[in-house]
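To start, the structure itself, in C-alpha cells.
Residue numbers (the numbering used here): 31 to 169.
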C-alpha cells in the first residue's frame with residue numbers, strides 16, 4: 031500500500047499538475063503556431079520566393095528525375111526531402127518568436143503589477159531596533 035500512497039502523493043503534487051497543464055497548453059499553442067505557419071507565413075514566403083512550396087523540395091537519391099515528390103514516393107525511390115527540414119526550421123523560428131513575444135508581454139504585465147503595488151511598509155531602522163534591544167536588555 032505504501033507504493034500506491036507515495037505514487038498518489040507524487041501525482042497530486044503541485045509541480046506535476048503545473049507540468050501537465052503546461053503540456054496541454056503547449057499542445058494547443060503548437061496547433062496555433064502550426065496554423066499560423068501553414069496558413070499565413072508560408073504563403074507569404076511562397077509569394078516572396080516565387081510560389082515555392084518547400085515541403086515539395088526533394089532530391090532523389092537513385093539519380094532519377096521525378097515530376098513531383100508524390101511521383102518519387104509512388105516509384106518507391108529513396109528521396110531526401112530537404113524541404114521538410116527548411117519547413118521545420120521556419121516553424122522553429124516562428125515558435126521561438128511567438129514564445130518570445132508571449133514572455134515579453136508577460137514580463138511587461140508583471141512589471142506593471144509590481145509598479146502599481148504599494149511599497150512594503152517601512153520597518154524600523156537599524157538604530158531603532160538596537161535601541162529596542164538595549165532597552166529590553168536593561169529591563
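Built from N, CA and C at the ideal position, the CB exists for glycine as well. What you are looking at is a predicted structure, and each value in this text was computed from that prediction instead of being measured.
- By the neighbour-count definition (other C-beta atoms within 10 Å, threshold 16), residue 102 is a buried residue.
- Non-local beta-carbon contacts of residue 94 in its own chain, meaning distances under 8 Å to residues more than five positions away in sequence, involve 102, 105 and 107 in chain order.
- Look at the beta carbons and you see the segment 71-86 touching the segment 111-125: at least three pairs across the two are nearer than 8 Å.
- Secondary structure of residue 152 (DSSP, three-state): coil.
- In this structure the segment 54-68 lies against the segment 121-140, because at least three pairs of beta carbons, one per stretch, are closer than 8 Å.
- Assignment of beta-bridge partners to residue 89 by DSSP yields 110.
- Scanning its chain for C-beta atoms nearer than 6 Å, with the 5 sequence neighbours on each side dropped, one finds around residue 89 the residues 110, in chain order.
- The closest CA to that of residue 59, considering only 154, 128 and 44, is found on 128.
- Contact check for residue 40 and residue 46: beta-carbon distance about 7 Å, within the 8 Å limit, so the pair qualifies.
- The alpha helix (DSSP H) runs of length 4 or more contained entirely in the segment 95-142 are, from start to end of the chain, 99-104.
- Annotation: the continuous alpha helix (DSSP H) that includes residue 36 extends over 32-41.
- Residue 130 sits exposed, since fewer than 16 C-beta atoms from the chains shown fall within 10 Å of its C-beta.
- Between residue 112 and residue 79, the alpha-carbon positions lie close to 16 Å from each other.
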